[in-house]
Amino acid sequence: MQIGRKIYYEKNNGVVIWDKGEMEGDVVETTLEQDMEVMPVLTLIAPEHLGVKQLTFGELSDSFAICRGYRINPDTEEVEFVTQ
Numbered sequence: 355m356q357i358g359r360k361i362y363y364e365k366n367n368g369v370v371i372w373d374k375g376e377m378e379g380d381v382v383e384t385t386l387e388q389d390m391e392v393m394p395v396l397t398l399i400a401p402e403h404l405g406v407k408q409l410t411f412g413e414l415s416d417s418f419a420i421c422r423g424y425r426i427n428p429d430t431e432e433v434e435f436v437t438q
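Here it is, written out as structure tokens:
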């Protein structure tokens, strides 16, 4: 099974809190509650202010490989890359 990158971010400013990355092999999709157990920092943000961007496996992988950073645009919910 292949699971795409899951990015948790603050809805008001697009700052990435946790990038779960891509997974492949004997893996299963996780819920927000399961992710909160593994990454307690997610519990510090009120659920209504926490966004999640789920990508498909391999989606934007070339851009992630060459970027210096990224955020989620709070208005469009699209990934914005910093390349310089």
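So in our numbering, the last one in the sequence shown is 438, and the numbering has no gaps at all.
Every residue gets a Cβ at the ideal spot worked out from N, C-alpha and C, and that includes glycine.
Just so it is clear, the structure is predicted and the values come from calculations on it, not from any experiment.
Residues near aspartate 373 in its chain [Cβ-Cβ closer than 7 Å; skip 5 each side]: The sequence position of residue 373 within the sequence shown is 19, counting from 1. Arg359 and Ile361.
Does the count of Cβ pairs from the stretch 393-402 and the stretch 421-433 closer than 8 Å reach three? no
In this structure, how does DSSP classify aspartate 373 when only helix, strand and coil are distinguished? For this step, residue 373 is matched to residue 19 along the sequence shown. Correct three-state label for aspartate 373: strand.
DSSP-derived helix/strand/coil call for valine 382: Counted from its first residue, the sequence shown places residue 382 at position 28. Valine 382 falls in the coil class under three-state DSSP.
Go ahead and pull the three-state DSSP assignment for glutamate 432. The residue you call residue 432 lines up with position 78 of the sequence shown. Glutamate 432 falls in the coil class under three-state DSSP.
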